[in-house]
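For the sequence shown, our numbering assigns the number 3 to the initial residue and increments by one for each residue that follows.
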Amino acid sequence: MKLIEENMLKKFLFSCDEKGIQYVSWKNNHELNLSLAGHGDLDLYVPFSQKSQFLILCRENGWLQFLNPVATYPNILHFYNLDDKLEVFHLHVYFELITGDTWIKEYSLPIDKWLLENRVKSEEYGIWVLNDKSQAFIFLIRHLLKCGSLTGRYLYWRDIDSYAEEWKKLNKDLTHDELLGPFDLSNYLNGIGVSKVKLKLPRISNSLRFRYSCSPYLRYSYISLPILRFLTLWKRLINKVFYKRKKVFPSKGFVLAISGVDGSGKSSMLEEIYLVFGKFLTIHKYHMGKPQGKFIDALWRVIGNESKSPSIASTSKNNLPTPRRKAIIGVILALMRLRKARAIFKLSNKGGLMIIDRWPTNELGKMDGPRVIIAKDSGWFENFCKKIETWAYSVMPKADLCYFFEVPIEIAISRNRLRVKENKETEEMISARYFNNLEYKPISKKTIKFDNSGDFETNRKEFLSSVWHQISLMC
């Protein structure tokens, strides 16, 4: 029981029991030790009648739903959660028993009630699982249904070692006479390809005959199956070669930014988000501080956009009217930031997590904010530039969430000394920017100040846990 209390996933399953939500781990139970430790997915069946209750409980406990961009099935959902040790847990939940070819799952089997009638509480793990006889029966059904096409047989053969491990765990004390369930398998056992010591592909004739007997449970017309197999193969191939997408948010993505002065640790924490969440989630990384790119940035340095003086943009000393040359640069920078921000939001509509180093503000003189300062004697051109810049920042999309990292000035300067970077800011510039941006307000729906001055490992856990919690509240 101690392990159950210490494990986020097991505690959640206990909550299901307390709420009267029935569930059963119905396949791949030979890997339960891995799934319950956050090293694989746990395959659960939950009755459709309790789907709403289950979804509410997931939301209350911080479980986030994500989709597989190349394979979605009705009433099969993916949920993820993050514990305080930054272990990622994955629930693969079936509200309907859909199975068949690995890639199209073309059968919906009406054995929901039978699954729940044959569940038992695991003595080793304390959760509800199918008893061994029922698991073995389900295994043989899947064994036959998955091997009735060339692609299906190839995919099954590719993972044959895992299937063999599962069968080895189930068949120790079973005989064919004990393989009883809602379907009669007696006509398919000869040549089925299973024995006490070995698992191999069943005869294709056996698979085809059994699949034909299950035709009433097909989700698609029989003649459309080859087309569906080709389409899903093409979709997966395109994703593997070009898009390389992992899981995505169900509707639209999430735009997460981190702002802060140089040396506050933004880049390090963005990398941690990528390393932890990127194990399963589609992530795109951007830098909004200088959207112009290295080549244009170099040109700007030549024409005077950068200065070695602290009297530069984003410092309190920068209150002089902006000359025409720098007004042009300010407008170009504003439009580039707007263009990149809109591109980020357009891509986020495909469901990924956008993580951005810095995000614009509409406060004059602040970091990543407007630069053009107008005085009484400013000309019409400077005023025109100011209007364009003001418009650009006024229509800038709001990040869903922006963290502003705070550290003592001494730490910011110390960290900056250790950075390897071209045209690195001087200590005087770091100090000037630091004090002028203490009340920095990014253009975001929600802003959180985060103290990033302590131990890195402690901050890492606190920050990633906070990010997950905030996303779970906002999605």
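All C-beta atoms in this analysis are idealised placements derived from N, C-alpha and C, irrespective of residue type, glycine included.
Task: Q472 (DSSP reduced to helix, strand or coil) - done: helix
- [ ] Apply the 10 Å Cβ neighbour rule to K148 and answer buried if 16 or more other Cβ atoms are within range, or exposed otherwise.
- [x] buried
Task: Under 8 Å between C-beta atoms of M290 and D402 - done: no
Open item on the list: When you compare the stretch 464-474 with the stretch 388-395, are there three or more beta-carbon pairs, one atom per stretch, that lie closer than 8 Å?
Closed with: no
TODO: Enumerate, from N- to C-terminal direction, the unbroken beta strand (DSSP E) stretches of 3 or more residues contained entirely within the stretch 324-408.
DONE: 355-359 and 403-408
Open item on the list: Tell me whether the stretch 362-369 and the stretch 212-223 touch, counting them as touching only if at least three CB pairs, one residue from each stretch, are closer than 8 Å.
Closed with: no
- [ ] Kindly indicate the opening and closing residues of the alpha helix (DSSP H) around Y450.
- [x] Per the sequence shown, residue 450 should be read as Ile rather than Tyr. Segment T449 to D453 is the beta strand (DSSP E) holding I450; no alpha helix (DSSP H) there.
Open item on the list: For H92, list the residues DSSP reports as bridge partners.
Closed with: D43 and Y82
Task: Beta carbon of S446 nearer than 8 Å to that of C404 - done: yes
Task: Span of the alpha helix (DSSP H) around S270 - done: K268 to F279
TODO: List the residues that DSSP assigns as beta-bridge partners of H289.
DONE: D359
Open item on the list: Suppose you measure from the CA of R160 to the CA of H92; what does that come to, to the nearest Å?
Closed with: 23 Å
TODO: In the DSSP assignment, find the beta strand (DSSP E) that holds L66 and state where it starts and stops.
DONE: L66 to F68
Open item on the list: So, with DSSP's three-state summary, where would you put L191?
Closed with: coil
Task: Residue range of the unbroken alpha helix (DSSP H) whose run includes K135 - done: D134 to L147
Open item on the list: Within the continuous alpha helix (DSSP H) that includes F53, where are the two ends?
Closed with: Per the sequence shown, residue 53 should be read as Lys rather than Phe. Looking at the DSSP string, the run of the alpha helix (DSSP H) that includes K53 is K53 to E62.
- [ ] Go to P261, then tell me how far its beta strand (DSSP E) extends in each direction, as first and last residue.
- [x] Correcting the residue type first, residue 261 is Ser in the shown sequence and not Pro. Here the beta strand (DSSP E) through S261 covers F256 to S261.
Task: I314, DSSP secondary structure in three states - done: Residue placement at I314 cannot be trusted, given a pLDDT of 49 that sits under 50; the coordinates are not used to answer.
TODO: Hey, could you find the ends of the alpha helix (DSSP H) K200 is sitting in?
DONE: Element bounds for K200: n/a, residue is neither H nor E.
TODO: Label W130 either buried or exposed according to how many other C-beta atoms from any shown protein chain fall within 10 Å of its C-beta, with 16 as the threshold for buried.
DONE: buried
Task: N- and C-terminal bounds of the alpha helix (DSSP H) containing R213 - done: I206 to S215
TODO: Taking only the alpha-carbon atoms, compute the straight-line gap between K2 and V374 and give it to the nearest angstrom.
DONE: There is simply no residue 2 to check, as the chain begins at 3 and stops at 477 in what is shown.
Open item on the list: Pull the bridge partners of I100 from the DSSP assignment, please.
Closed with: S110
Task: Given N70 as reference, the closest of H94, K53 and S269 once Cα atoms are compared - done: H94
TODO: Look up S27 in the DSSP assignment and give the residues it is bridged to.
DONE: L46 and V131
Task: Check whether F406 and T449 have beta carbons under 8 Å apart - done: yes
Open item on the list: Using the Cβ count rule (16 or more neighbours within 10 Å means buried), how would you classify L233?
Closed with: exposed
TODO: Decide if E168 is buried, meaning its Cβ has at least 16 other Cβ atoms within 10 Å, or exposed.
DONE: buried
- [ ] On a CA-only basis, which of K378, R344 and L11 is nearest P325? Give me that one, please.
- [x] K378
TODO: Please work out which residues of its chain come closer than 6 Å, Cβ to Cβ, to E20, disregarding the five sequence neighbours upstream and downstream, and give them in chain order.
DONE: none
Task: Span of the alpha helix (DSSP H) around K12 - done: M10 to E20
Open item on the list: Whole angstroms are fine: how far does the CA of L235 sit from the CA of D264?
Closed with: 46 Å
Task: Nearest neighbour of E98, chosen from K198, N77 and E89 [CA to CA] - done: N77
Open item on the list: One question on the structure: do Y219 and Y109 come within less than 8 Å of each other, judged by their Cβ atoms?
Closed with: yes
Task: Limits of the unbroken beta strand (DSSP E) element including K123 - done: R121 to K123
Open item on the list: If distances are taken between C-alpha atoms only, which option among K135, T74, K13 and F50 comes closest to L31?
Closed with: Correcting the residue identity first, residue 31 is Asn in this sequence and not Leu. Of the candidates K135, T74, K13 and F50, the one whose C-alpha sits nearest the C-alpha of N31 is K135.
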